[in-house]
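In what follows, a single structure is set out as C-alpha cells and then discussed.
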Amino acid sequence: MAVKIRLSRIGKKHRPFHRIVATDSRKARDGQALEILGTVDPLNNKVITFNQERVDYWLSHGAIMSDSVRKYARQFVGKE
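Listed below in C-alpha cells is the structure:
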C-alpha cells in the first residue's frame, strides 16, 4: 500500500477547509483516511493544527508528502 500525506477537502461551497491526512494513494481525495494529521484554512492561508510527530512517523514508513502539504508544513514549522 502506497501511503500519501495530502489534503482532503471539507467545508462548504465557496468556503473550503482542508484536513492534512495520511491515506492510501489509490483512494479518492475525500475518501477514508488512515489518520488525520492536521487542518488548514486556505482562505486565510493558515495552518491551524499540524501533528509533526505523526507526520514524521508516516514519512519514516515510506509515505510521500504532496507539494501542497510540504508548503503548509514549512509554514507551520516557521511559525513555531
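For what it's worth, the numbering used here labels the leading residue of the sequence shown as 1183, then goes sequentially. Built from N, CA and C at the ideal position, the CB exists for glycine as well.
Neighbourhood of residue i by C-beta, 7 angstroms cutoff - its chain only, sequence neighbours within 5 removed
i: alanine 1215; result: Ser1190, Val1203, Ala1204, Thr1205
i: asparagine 1233; result: Leu1219, Gly1220
Beta-carbon proximity list for residue i, same chain, < 6 angstroms, skipping 5 on both sides
i: glycine 1193; result: Phe1199
i: tyrosine 1254; result: Val1222, Val1229
i: threonine 1231; result: Gly1220, Thr1221
Continuous beta strand (DSSP E) stretch holding residue i: start and end
i: lysine 1186; result: 1185 to 1194
i: arginine 1211; result: Looking at the DSSP string, arginine 1211 is not in any beta strand (DSSP E), and its letter there is neither H nor E.
Per-residue burial, residue i [other beta carbons within 10 Å of its own, 16 or more giving buried]
i: alanine 1245; result: buried
Sub-9 angstroms separation of residue i and residue j beta-carbons
i: methionine 1247; j: lysine 1209; result: no
i: leucine 1225; j: arginine 1197; result: yes
Own chain partners of residue i with C-beta closer than 8 angstroms, once the 5 adjacent residues on each side are dropped
i: valine 1251; result: Ile1187, Arg1188, Leu1189, Ile1202
*Taking the runs of the alpha helix (DSSP H) that are 4 residues or longer, which of them lie wholly in the segment 1215 to 1261?*
As far as the segment 1215 to 1261 is concerned, its whole alpha helix (DSSP H) runs of at least 4 residues are 1234 to 1242, 1249 to 1261.
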